[in-house]
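Worksheet for the structure shown next.
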Amino acid sequence: RIGPSLRYQYLSYTPLEENKNYVLVLLPFDFSATTELLFKLMHAFPEEEGIHFYLKLHPMMNRAELNSLLEKHPLPGSYMIVVQGEMLDWLAEAICVISTASVAAMEVALLGIPIIRIGRDLDFNLDPLAWFSELGDVVYGHEALRDVVRQILLASPDNLIRWKLWSKKIKKETLSPINDETIDVFVNRDYQNKDCVTV
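Quick note on the numbering used here: the sequence shown kicks off at 1378 and runs consecutively.
Below is the structure:
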């Protein structure tokens, strides 16, 4: 890999809480994808079951569109609430994360947090985790979503540790640190004459 992984440096030093409190749902920028995700989530969990879902807005989402959608199709109860702020702050206490198959899903997985990817019915999936079959398949139906969420919530700590082990291994294979060698690709015009080094 050439050059540092600038976007993902924070993944190396992000602290996560031991006591997890909720399922974090990452709403994507694309409104149709958000609509699909919410439709499946609300059909999977139409009633209170002791599980809290925090719906994290994309920072560039059109809030007026979301408000209009929720006026027509209200969230089913106080166990589903919309939150704002930095994704990283909400990830710290998330039991698991529900997301569309996107770059955000990759970031969550690299933190060692169980990630459930929701597939699109009305568009293509752009899923960077498709290369890693050990993380499971993309989920499409609301019944499948419900099953996977409950499997994670009922899983033993030993079962969930596999996510942390996977992230530790894959971070070494896919992310590059910031150092003189990786920065050199940007600042040294003669870099093209050097041998490429995997870091």
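Virtual Cβ for every residue (Gly too), placed ideally from N, Cα, C.
Give, in chain order, every unbroken run of the alpha helix (DSSP H) that is at least 4 residues long and sits entirely within the segment 1488-1572.
As far as the segment 1488-1572 is concerned, its whole alpha helix (DSSP H) runs of at least 4 residues are 1519-1531, 1534-1551 and 1557-1564.
Straight-line gap, ASN1556 to GLU1550 (C-alpha atoms, nearest Å):
If I take the Cα positions, the gap works out to 16 angstroms.
According to the neighbour-count rule (16 or more other Cβ atoms, all chains shown, within 10 Å of its Cβ), is LYS1545 buried or exposed?
By the 16-neighbour rule on beta-carbons within 10 angstroms, LYS1545 is exposed.
Is the separation between the beta-carbon of LYS1548 and that of LEU1487 shorter than 8 angstroms?
Against a cut-off of 8 angstroms, the Cβ pair of LEU1487 and LYS1548 comes out as a contact.
Roughly how many whole angstroms lie between the Cα atoms of LEU1661 and PHE1509?
Given that the chain is displayed from residue 1378 to residue 1576, the structure contains no residue 1661 and the question cannot be resolved.
Beta-carbon of ALA1421 versus every beta-carbon of chain D: anything under 8 angstroms?
Going by chain labels, chain D is absent from the structure shown, which holds only one protein chain.
Output yes or no for whether 8 angstroms exceeds the beta carbon distance between PHE1422 and TYR1399.
Not in contact: PHE1422 and TYR1399 (Cβ atoms no closer than 8 angstroms).
Suppose contacts are defined by Cβ-Cβ distances below 8 angstroms. Is ARG1494 in contact with SER1476 by that definition?
A distance below 8 angstroms separates the beta carbons of ARG1494 and SER1476.
Only counting the same chain, and skipping five residues up and downstream in sequence, which positions put a Cβ closer than 7 angstroms to that of VAL1564?
Counting only Cβ-Cβ distances below 7 angstroms, and skipping sequence neighbours, we find nothing.
Pop quiz: ILE1577 and CYS1473 are said to be a contact at Cβ under 8 angstroms. What is the actual Cβ separation, rounded to whole angstroms?
With the chain covering only 1378 through 1576, there is no way to say anything about residue 1577.
Helix, strand or coil: how does DSSP classify LEU1401 here?
In the structure shown, the three-state DSSP call for LEU1401 is strand.
Between ASN1439 and PHE1408, is the Cβ-Cβ spacing less than 8 angstroms?
Taking 8 angstroms as the Cβ cut-off, ASN1439 and PHE1408 qualify as a contacting pair.
DSSP has VAL1474 in a bridge; who is on the other side?
Answer is LEU1401 and ILE1492.
For LYS1449, tell me which candidate among GLY1462, PHE1416 and ALA1478 has the shortest Cα-Cα distance.
The residue with the shortest Cα to Cα distance from LYS1449 is PHE1416.
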